[in-house]
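Visitor: So the sequence shown is numbered by UniProt numbering: it starts at 1 and just counts up by one. Sharing a structure here in structure tokens format.
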Amino acid sequence: MSLEDIRTKIDRVDRELLKFLNERADLVHQVGEIKRKEGLEIYAPDREEKLLLKLIELNQKHKGRLPEKSIRAIYREIISAALALEQDLRIGYLGPAGSWTHQAAISRFGNSVLYVSEASTEDVFECVNSQEADYGVLPIEHSTEGAVHHTLDHLVDSPLQIYSQFLWRTETVLMSNGSRDTVDYIYGHPQVIAQCRKWLTVNFPDAELREAPSTSQAAAFACEHPASAALGTALGAELQGLKIIASSIDDSASQARFIILGRRPAPATGNDNTLLMVTAHDKVGALFEILEAFVKQGINVRHIENRPVTTDEVGLPSRVRFFLEVTGHCHDEGLKKAQEDVGGDGAHIKILGSYPVSNWGDRD
Ligand SMILES: O=C(O)C(=O)C[C@]1(C(=O)O)C=C[C@@H](O)C=C1
Numbered sequence: 001m002s003l004e005d006i007r008t009k010i011d012r013v014d015r016e017l018l019k020f021l022n023e024r025a026d027l028v029h030q031v032g033e034i035k036r037k038e039g040l041e042i043y044a045p046d047r048e049e050k051l052l053l054k055l056i057e058l059n060q061k062h063k064g065r066l067p068e069k070s071i072r073a074i075y076r077e078i079i080s081a082a083l084a085l086e087q088d089l090r091i092g093y094l095g096p097a098g099s100w101t102h103q104a105a106i107s108r109f110g111n112s113v114l115y116v117s118e119a120s121t122e123d124v125f126e127c128v129n130s131q132e133a134d135y136g137v138l139p140i141e142h143s144t145e146g147a148v149h150h151t152l153d154h155l156v157d158s159p160l161q162i163y164s165q166f167l168w169r170t171e172t173v174l175m176s177n178g179s180r181d182t183v184d185y186i187y188g189h190p191q192v193i194a195q196c197r198k199w200l201t202v203n204f205p206d207a208e209l210r211e212a213p214s215t216s217q218a219a220a221f222a223c224e225h226p227a228s229a230a231l232g233t234a235l236g237a238e239l240q241g242l243k244i245i246a247s248s249i250d251d252s253a254s255q256a257r258f259i260i261l262g263r264r265p266a267p268a269t270g271n272d273n274t275l276l277m278v279t280a281h282d283k284v285g286a287l288f289e290i291l292e293a294f295v296k297q298g299i300n301v302r303h304i305e306n307r308p309v310t311t312d313e314v315g316l317p318s319r320v321r322f323f324l325e326v327t328g329h330c331h332d333e334g335l336k337k338a339q340e341d342v343g344g345d346g347a348h349i350k351i352l353g354s355y356p357v358s359n360w361g362d363r364d
């Protein structure tokens, strides 16, 4: 078949695709109307995941040429367009623009929705609470550095809940106005330099490493001279108009867990985890009693993090605070019973959110 013939066939397939995409958009519009009438959440991550898994399975069965990564990327944008059609969805994220959280948020919500850059964790909470944004995206755990305490601490007094969470690989790129051969100095946040040190030593042994206060500031410095480069995100390079001269340069693969903050709890999917906070008296066996209540109900405590309890009131008995990630949904009977048990011992328990399971190394 000639090139012309193949292109004629591609044009025909594209016309069909467009027809189907618009047919899908009409159906999504109807879903949006029902959700608005019934006061349901527009964003349904569990439905998105089920839909994607079904398509990936179908593709494998029919030996489709497209890899899973491409199917996810294509559908990410189709669903992003759907979300934008259903509602002018606004997503607040921990900025600045081009940050890892920004890139992670786009990997989840696609390019058709609106993004609002927030300067601090507190601002992300505030924009969702005040309804300036529908959802907020924040990091909660790094595979190398552990929990992001700043995010956990803000959940303590907030009426907001974790609506969903996801994992995202934090891949560093090297960006510049020049080419690989012209780089004399490289800017980067100290933590990012540390993450890529071995690669930098092997590939740029003579380049001077210069510390920058943030990844976006590093990119801004690199814009000034073609002999300089910066470490950061692919999105940061795009936003600054810099070329990516090397990618995936981290010494070891690192992932981060992000939460999607919402105003309402997420529905149960049958495979959920729940994050809860327990504040108990500081006494012998405090943690043992808490854990026992969950064990009795056959609930697995997957992760424990403890944080100091601050109080302005002098004379109050000292207390300890634990953040526990447990298996199950907060509406499960077993979890409710465990909660009652813990509460009966004088401890205070607060549900911070139930969300579908996602484990380290599950996917990109
Ligand atoms: O099924 C829904 O609830 C929809 O709103 C449709 C749809 C989709 O495009 O398939 C869009 C957004 C949701 O997050 C999940 C799925």
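No residue lacks a Cβ here, since even glycine has one placed at the ideal position from N, Cα and C.
Does the Cβ-Cβ distance between I245 and M175 come in under 9 Å?
Guide: It is a contact, given that the beta carbons lie within the stated cut-off.
Visitor: Q131: which of C330, F294, R264 sits nearest, CA to CA?
Guide: Closest by alpha carbon: R264.
Visitor: Would a C-beta distance cut-off of 9 Å place V192 and G232 closer than the cut-off?
Guide: Cβ distance < 9 Å, so V192 and G232 count as in contact.
Visitor: Could you tell me whether any non-hydrogen atom of ligand 1 is closer than 8 Å to the CB of R47?
Guide: Yes, ligand 1 has a heavy atom inside 8 Å of this Cβ.
Visitor: Taking DSSP's pairing of strands, which residues face D272 in a bridge?
Guide: According to DSSP, D272 bridges with P356.
Visitor: Rounding to the nearest angstrom, what Cα-Cα distance links F294 and A338 in this structure?
Guide: C-alpha separation (whole angstroms): 5 Å.
Visitor: Which same chain residues end up closer than 6 Å to S241 when comparing Cβ atoms and leaving out the 5 residues on each side of it in sequence?
Guide: Residue identity differs from the one stated: residue 241 is Gly in this sequence, not Ser. Excluding sequence neighbours, G241 sits near nothing in its chain.
Visitor: At a threshold of 8 Å, does V31 count as lining ligand 1 (C-beta to nearest heavy atom)?
Guide: Yes; taking the cut-off as 8 Å, the Cβ of V31 has a heavy atom of ligand 1 nearer than that.
Visitor: Decide if V357 is buried, meaning its Cβ has at least 16 other Cβ atoms within 10 Å, or exposed.
Guide: So V357 counts as exposed.
Visitor: Using a 10 Å radius around the Cβ and a threshold of 16 neighbouring Cβ atoms, would you call N111 buried or exposed?
Guide: By the 10 Å Cβ count, N111 comes out exposed.
Visitor: Rounded to the nearest angstrom, what separates residue 409 and I299 at their Cα positions?
Guide: Coverage of the chain is limited to positions 1 through 364, which leaves residue 409 absent and any answer about it impossible.
Visitor: With 16 other CB atoms within 10 Å as the buried threshold, where does T201 fall?
Guide: The residue in question, T201, is exposed, as its Cβ has fewer than 16 Cβ neighbours within 10 Å.
Visitor: Kindly indicate which three-state DSSP category G346 falls into: helix, strand or coil?
Guide: Coil.
Visitor: Of the residues R321, Y355, P317, which one's Cα is nearest the Cα of L275?
Guide: Among R321, Y355, P317, the Cα nearest to that of L275 belongs to Y355.
Visitor: Spatial neighbours of V13 within its chain, please: C-beta separation below 7 Å, excluding the five flanking residues on both sides.
Guide: Here the set comprises nothing.
Visitor: Buried or exposed: where does H149 fall if 16 or more other Cβ atoms within 10 Å of its Cβ makes it buried?
Guide: Counting Cβ neighbours within 10 Å, H149 comes out exposed, since fewer than 16 surround it.
Visitor: Using a Cβ-Cβ cut-off of 7 Å (strictly less than) and excluding sequence neighbours within five positions of E351, which residues of its own chain qualify?
Guide: Just to set this straight, residue 351 is Ile in the shown sequence, not Glu. Here the set comprises T274, L276, C330.
Visitor: Just to confirm my understanding: we take R321, look at its own chain, exclude 5 residues before and 5 after, and list those with CB closer than 6 Å. What are they?
Guide: Answer for R321: T279, R307, V309, listed in chain order.
Visitor: Secondary structure at D362, three-state DSSP: helix, strand or coil?
Guide: Because the pLDDT at D362 is just 48, under 50, the model does not fix this residue reliably, and the point stays unresolved.
Visitor: Looking at the unbroken beta strand (DSSP E) that takes in R307, where does it start and where does it end?
Guide: R307 -> beta strand (DSSP E) spans 301-307.
Visitor: Given the structure, does K35 come close to ligand 1, in the sense that its CB is under 8 Å from one of the ligand's heavy atoms?
Guide: Answer for K35: yes, Cβ within range of ligand 1.
Visitor: Using 8 Å as the threshold, is the stretch 164-175 in touch with the stretch 221-237, meaning 3 or more CB pairs across them?
Guide: Yes, they touch.
Visitor: Using a 10 Å radius around the Cβ and a threshold of 16 neighbouring Cβ atoms, would you call V253 buried or exposed?
Guide: The sequence given here places Ala at residue 253; Val does not occur at that position. Exposed: under 16 other Cβ atoms inside 10 Å.
Visitor: Tell me whether V116 sits in a helix, a strand or coil according to DSSP, three-state version.
Guide: Strand.
Visitor: Below 8 Å on the Cβ atoms is my guess for F258 versus I162; work out the distance and round it to an integer in Å.
Guide: Not a contact, Cβ separation roughly 10 Å.
Visitor: How is the beta strand (DSSP E) around R319 delimited, first residue to last?
Guide: That run of the beta strand (DSSP E) goes 319-327.
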